[in-house]
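Going letter by letter, the sequence shown gives residues 373 to 735 in my numbering.
All C-beta atoms in this analysis are idealised placements derived from N, C-alpha and C, irrespective of residue type, glycine included.
All of these numbers come straight from a predicted model, not from anything done at the bench.
Worksheet: one structure, shown below.
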Amino acid sequence: MLNNITSVAPARICLYGDHQDYLNLPIIAIAIDRYIKVEAIPNLAESFYINKIDIKKKDIIDYNLDYNYKGKAEFLRISLNVLKRYGCVPNRGYDISISSNIPINSGLSSSSALTVAWIQFLLKSFLPEEKIDHKTLAELAYQTEVVETGSSGGNMDQYTISHGGTIFLNTLNSNIHSYKYNFSDVDLVVGVSAAVKDTRGMLKKLKSNQILALETIKNFSPEFDLYNKESYDYNSCYDSLDQNLKPYFKAAIKNFDITKAADNELRKDNPDMKILGSLMTDHHNLLKDELKNTTDEIDKMIDICNSMGAYGSKIVGSGGGGSIVAIFDKNISESVVSKLKENGAKDAFIASQSNGPEIKANE
């Protein structure tokens, strides 16, 4: 019989391919060493008594109920529906404390980290004999956060967090390539914006417009295949669109090209950081200029990083706030962190690669 359980899951940073996963295009992302922790102690009730320490909120979840939260981010409850269909049925309660050093609502996937850690805890407690691989964990989290709620998001967050490391995710079939290179010879500096962003609203807007642009192209040119550049002429397709849809088409195509180029570089024995940095900056400029998803605060942090010698930098998250990431040589990264904080960043820190979720149980 299991007693205390501790489940931990990391944050993630999208390096290349923001706003591509919901188009079934590939992404490159890294799990980082900021974590959310779920600590569970058995109780005699038929409920989970939850203490969210960092935000000073408490909750009670009756696991015998079915929960319908279409369009709402009640992932702890919604996951119970998903897991019951998987065969994971709670039969006893826990007193649960949740703590984290992941900045909330900052584009680093704190919500997905919680969902992964929570589902990992439930599986360990109520399906202890079943060996759960990272892909199953990711898919259960994706079903919880996106499919069950009808969200506009893709599957990048759940798969990156569940797998760990630095990965290339083919979102068409959920296949993952795990890179040997882990950015350990440089530093990833993260700057956190103070702006409160509307993740679901931003994703819905950008997704609907990008899909509309691609569907319009398909009607104009039926042979159009996003994965096959020989199937279409970019300039002709671009010119066929209404002015308001052109930026979304351009961003979809050009960001796909950037992700493929970054993938080619990262698969080398010794990736060239100047190339990776340049691709990262190109990616950011498309997000800023075409998708218009940055803010003055984000732009200011990017400018600071670029002026201090970053190999490359970009916004992280859905946009309208969030964070930035920049690649630096190790001898200057601490100075960059200080500079960002001095200039109004809510937080700034150096991130390293995480190997992914962990679970511990005392029997």
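Notebook entry, point to check: For the putative contact between Ile696 and Met673, defined by C-beta atoms under 8 Å, what is the C-beta separation to the nearest angstrom?
Noted result: Met673 and Ile696 do touch by the CB rule: their CB atoms are close to 5 Å apart, below 8 Å.
Closer than 7 Å by C-beta to Asn678: which residues in its own chain qualify, once you throw out the five before and the five after it? Chain order, please.
Same-chain partners within the cutoff: Ser685.
Do the region 548-560 and the region 486-502 meet, that is, are 3 or more Cβ pairs less than 8 Å apart?
No, the region 548-560 does not touch the region 486-502.
TODO: Counting only the same chain and skipping the five closest in sequence on each side, list residues whose C-beta sits under 6 Å from that of Ser705.
DONE: If we look at Ser705 and ignore the five residues flanking it on each side, its Cβ neighbours are Asp559, Val561, Ile722.
Please list the terminal residues of the continuous beta strand (DSSP E) segment that includes Gly429. The displayed chain sequence assigns Lys, not Gly, to residue 429. Run containing Lys429: 429-434, per the beta strand (DSSP E) assignment.
- Exposed or buried, what is Asn627 when buried is set at 16 or more other beta-carbons lying within 10 Å of its beta-carbon? Under this definition Asn627 is a buried residue.
Pairwise C-alpha distance: Thr538 and Lys590: Taking the straight line joining both Cα atoms gives about 33 Å.
*asked:* Let me confirm a value: Phe500 is counted as buried when at least 16 other C-beta atoms fall within 10 Å, else exposed. Which label applies?
replied: Checking the displayed sequence, the identity of residue 500 turns out to be Pro instead of Phe. The residue is exposed, with fewer than 16 neighbouring Cβ atoms inside 10 Å.
So is Gln725 buried or exposed if we call it buried at 16+ other beta carbons inside 10 Å? Under this definition Gln725 is a buried residue.
Identity of the residue in Met528, Glu637, Tyr610 nearest Ser690 by Cα:
Checking every option, the nearest Cα to that of Ser690 belongs to Met528.
Return the CA-CA distance between Leu512 and Ile647, expressed in angstroms with no decimal places. For Leu512 and Ile647, the distance between alpha carbons rounds to 36 Å.
Residues bridged to Lys686 [DSSP beta-bridge criterion] | DSSP lists Val697 as partners of Lys686.
DSSP three-state label for Tyr553, please. Annotated three-state conformation of Tyr553 is coil, per DSSP.
Exercise. Can you tell me the Cα-Cα spacing of Gln492 and Lys732, whole angstroms?
Worked result: Take the alpha-carbon of Gln492 and the one of Lys732: they are about 10 Å apart.
>> When you compare the CB positions of His549 and Ala510, do they come within less than 8 Å of one another, or not?
In response: Cβ distance not < 8 Å, so His549 and Ala510 don't count as in contact.
Considering just the uninterrupted stretch of the beta strand (DSSP E) at Phe721, what are its terminal residues? The continuous beta strand (DSSP E) containing Phe721 extends over residues 719-723.
If we call anything under 8 Å between Cβ atoms a contact, is Ser524 one with Lys601? Judged by beta-carbon spacing, Lys601 lies beyond the 8 Å limit of Ser524, meaning their Cβ atoms are not closer than that value.
Chain-order list of residues whose beta-carbon lies under 6 Å from that of Pro619 (same chain, five-residue window excluded)
Contacts found: Glu662.
Practice problem: Check whether the Cβ atoms of Ala720 and Val564 sit closer than 8 Å, and answer yes or no. | Solution: In contact: Ala720 and Val564 (Cβ atoms closer than 8 Å).
- Beta-bridge partners of Asn607, as assigned by DSSP: Per DSSP, none; premise fails for Asn607.
Original post:
When DSSP labels each residue in this structure, what does Cys386 get in the three-state scheme?
Top reply: In the structure shown, Cys386 adopts extended strand secondary structure according to DSSP, grouped into three states.
State buried or exposed for Glu418, treating a residue as buried only when at least 16 other CB atoms are found within 10 Å of its CB. Taking every protein chain shown into account, the CB of Glu418 has fewer than 16 other CB atoms within 10 angstroms, so this residue is exposed.
### Sub-8 Å separation of Leu494 and Cys460 beta-carbons
Annotated as proximal: Leu494 and Cys460, with beta-carbon spacing under 8 Å.
- Can Asp644 be considered in contact with the ligand ZN, in the sense that its beta carbon sits closer than 7 Å to one or more heavy atoms? Absent from the structure shown: the ligand ZN. Ligands present: none.
### Message
By the three-class DSSP mapping on this structure, what secondary structure does Val558 have?
### Response
Per DSSP, reduced to three states, the secondary structure at Val558 is coil, with no helix or strand assignment.
Buried/exposed call for Ser484, threshold 16 Cβ in 10 Å
The residue in question, Ser484, is buried, as its Cβ has 16 or more Cβ neighbours within 10 Å.
Quiz prompt | Counted within 10 angstroms of its Cβ, other Cβ atoms place Gln515 as buried (16 or more) or exposed | solution = Note on Gln515: 16 or more other CB atoms within 10 angstroms of its CB, so buried under the neighbour-count rule.
**Prompt:** Does the beta-carbon distance from Ser482 to Ile408 come in below 8 Å?
**Reply:** Result yes, Cβ atoms of Ser482 and Ile408 sit closer than 8 Å.
Q.
Taking 6 Å as the limit between beta carbons, can you name the residues of its chain near Cys604, skipping five residues before and five after?
A. Before going further, note that residue 604 is Tyr rather than Cys in the sequence given. Correct list, in chain order: Ser593, Phe596.
- Query: Quick one: complete beta strand (DSSP E) runs, 3+ long, within the region 514-556?
  - Reply: Counting whole runs of 3 or more residues, the region 514-556 contains the beta strand (DSSP E) stretches 538-542, 547-550.
| Inter-residue spacing [alpha-carbon to alpha-carbon] between Asn642 and Tyr388 | Asn642 and Tyr388: Cα-Cα distance of roughly 18 Å.
Exercise. Considering only the beta carbon of each residue, do Gln392 and Ile385 sit closer than 8 Å?
Worked result: Their beta carbons are not under 8 Å apart, which means Gln392 does not touch Ile385 by this criterion.
Need the endpoints of the alpha helix (DSSP H) that Pro619 sits in, please. First-last of the alpha helix (DSSP H) with Pro619: 618-638.
What three-state label does DSSP hand Glu766 in the structure shown? This structure does not reach residue 766, given that the chain is present from 373 up to 735, and the question cannot be answered.
Can Leu480 and Arg572 be called in contact, C-beta distance under 8 Å?
Contact: no.
Notebook entry, point to check: Can you tell me the Cα-Cα spacing of Thr508 and Asn715, whole angstroms?
Noted result: Roughly 42 Å between the two C-alpha positions.
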